[in-house]
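Residue numbers (our numbering), protein chains in the order written: chain A, 591 to 701; chain B, 249 to 365. Input: a single structure, listed below in structure tokens.
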Amino acid sequence: ELKVEQNPLFLSMQEGKNYTIYCNYSTTSDRLYWYRQDPGKSLESLFVLLSNGAVKQEGRLMASLDTKARLSTLHITAAVHDLSATYFCAATTSGTYKYIFGTGTRLKVLA
Amino acid sequence: ETGVTQSPTHLIKTRGQQVTLRCSSQSGHNTVSWYQQALGQGPQFIFQYYREEENGRGNFPPRFSGLQFPNYSSELNVNALELDDSALYLCASCGRVGGARFDGTQYFGPGTRLTVL
Chain A
591 ELKVEQNPLF LSMQEGKNYT IYCNYSTTSD RLYWYRQDPG KSLESLFVLL SNGAVKQEGR
651 LMASLDTKAR LSTLHITAAV HDLSATYFCA ATTSGTYKYI FGTGTRLKVL A
Chain B
249 ETGVTQSPTH LIKTRGQQVT LRCSSQSGHN TVSWYQQALG QGPQFIFQYY REEENGRGNF
309 PPRFSGLQFP NYSSELNVNA LELDDSALYL CASCGRVGGA RFDGTQYFGP GTRLTVL
């Protein structure tokens, strides 16, 4: 059974600093997704990673995938307050579109 | 392009009652999934519908049921509500009418906040 774990669960960081959120999954997965959720809001798609070594970047966020290590990372560069949100990764088992979500990382960027 | 819509936005029910939540998929999408998100948790997969058939189910009891209609919209029904059913219910759509390839990204609606008293 596919399980997804994220760490850290909570992250408080100063503006301008860099940090990485980690997403581990337990069995083979052919796709890895990252989403952002603001308080009381729905989920916004950030990235989809489809193959080993895939790297995607948008603004101050960069996501990567290592399928051999069953690990994805979301790297934040020079954080700004607007990045404060909860970030979820989700994996799917091969041949399905059933998302298994991680527990989420609640990020707070302090001015 | 119209996004995923859900109704109602908020709902309060009492234990033992039944509830129906509705979802309209994003235009061009033929697959709808439902998720339950308890406060402070990640979304949990309930089930998915494709071409009006259930196409996968998570670890939820049979009192959680659903439908998909020919226009790809969907309903989630929950019978015999329990206090633990209080959560944000999210609908997500994906896929391509006509079978064109896509990357599996699901697009989420704003959710229905269900409170069971």
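Every residue gets a Cβ at the ideal spot worked out from N, C-alpha and C, and that includes glycine.
Identify the contact partners of residue i in chain A, using a Cβ-Cβ distance below 9 Å as the criterion.
{"i": "residue 284 (chain B)", "result": "Going along chain A, no residue has its Cβ under 9 Å from residue 284 (chain B), so there is no contact; the nearest lies around 11 Å."}
{"i": "residue 293 (chain B)", "result": "688, 689, 690, 691"}
{"i": "residue 273 (chain B)", "result": "The premise fails here: residue 273 (chain B) is roughly 13 Å from chain A at the closest Cβ pair, so nothing lies under 9 Å."}
Name the chain A residues whose beta carbon is nearer than 8 Å to that of residue i?
{"i": "residue 351 (chain B)", "result": "621, 638, 640"}
{"i": "residue 342 (chain B)", "result": "687"}
{"i": "residue 279 (chain B)", "result": "687"}
On the DSSP letters alone, give me the boundaries of the beta strand (DSSP E) that residue i sits inside.
{"i": "residue 675 (chain A)", "result": "675-682"}
{"i": "residue 335 (chain B)", "result": "335-342"}
{"i": "residue 691 (chain A)", "result": "689-691"}
{"i": "residue 715 (chain A)", "result": "Within the shown structure, residues of chain A are numbered from 591 to 701, placing residue 715 (chain A) beyond reach of any answer."}
{"i": "residue 365 (chain B)", "result": "Neither: residue 365 (chain B) is in no beta strand (DSSP E) and is coded neither H nor E."}
{"i": "residue 300 (chain B)", "result": "That residue, residue 300 (chain B), is in no beta strand (DSSP E); it is neither H nor E in DSSP."}
Specify the secondary structure class of residue i as computed by DSSP and reduced to three states.
{"i": "residue 315 (chain B)", "result": "strand"}
{"i": "residue 672 (chain A)", "result": "helix"}
{"i": "residue 656 (chain A)", "result": "strand"}
{"i": "residue 592 (chain A)", "result": "coil"}
{"i": "residue 622 (chain A)", "result": "strand"}
{"i": "residue 640 (chain A)", "result": "coil"}
{"i": "residue 331 (chain B)", "result": "helix"}
{"i": "residue 599 (chain A)", "result": "coil"}
{"i": "residue 272 (chain B)", "result": "strand"}
{"i": "residue 277 (chain B)", "result": "coil"}
{"i": "residue 308 (chain B)", "result": "coil"}
{"i": "residue 605 (chain A)", "result": "coil"}
{"i": "residue 262 (chain B)", "result": "coil"}
{"i": "residue 650 (chain A)", "result": "coil"}
{"i": "residue 627 (chain A)", "result": "strand"}
{"i": "residue 324 (chain B)", "result": "strand"}
Going along chain B, which residues have a C-beta under 8 Å from residue i?
{"i": "residue 632 (chain A)", "result": "338, 356, 357, 358, 359"}
Go ahead and label residue i buried or exposed: buried means 16 or more other beta carbons lie within 10 angstroms of its beta carbon, across all protein chains shown.
{"i": "residue 593 (chain A)", "result": "exposed"}
{"i": "residue 255 (chain B)", "result": "exposed"}
{"i": "residue 287 (chain B)", "result": "exposed"}
{"i": "residue 291 (chain B)", "result": "buried"}
{"i": "residue 690 (chain A)", "result": "buried"}
{"i": "residue 599 (chain A)", "result": "exposed"}
{"i": "residue 621 (chain A)", "result": "buried"}
Please compile the residues from chain B whose C-beta is within a distance smaller than 7 Å of the C-beta of residue i.
{"i": "residue 657 (chain A)", "result": "What residue 657 (chain A) touches in chain B: nothing, since even the nearest Cβ is about 15 Å away."}
{"i": "residue 694 (chain A)", "result": "290"}
{"i": "residue 662 (chain A)", "result": "In chain order: nothing, as chain B lies at least about 15 Å away."}
Going along chain B, which residues have a C-beta under 9 Å from residue i?
{"i": "residue 685 (chain A)", "result": "Neighbours of residue 685 (chain A) on chain B: none; closest Cβ ~10 Å, over 9 Å."}
{"i": "residue 678 (chain A)", "result": "290, 291"}
{"i": "residue 682 (chain A)", "result": "352"}
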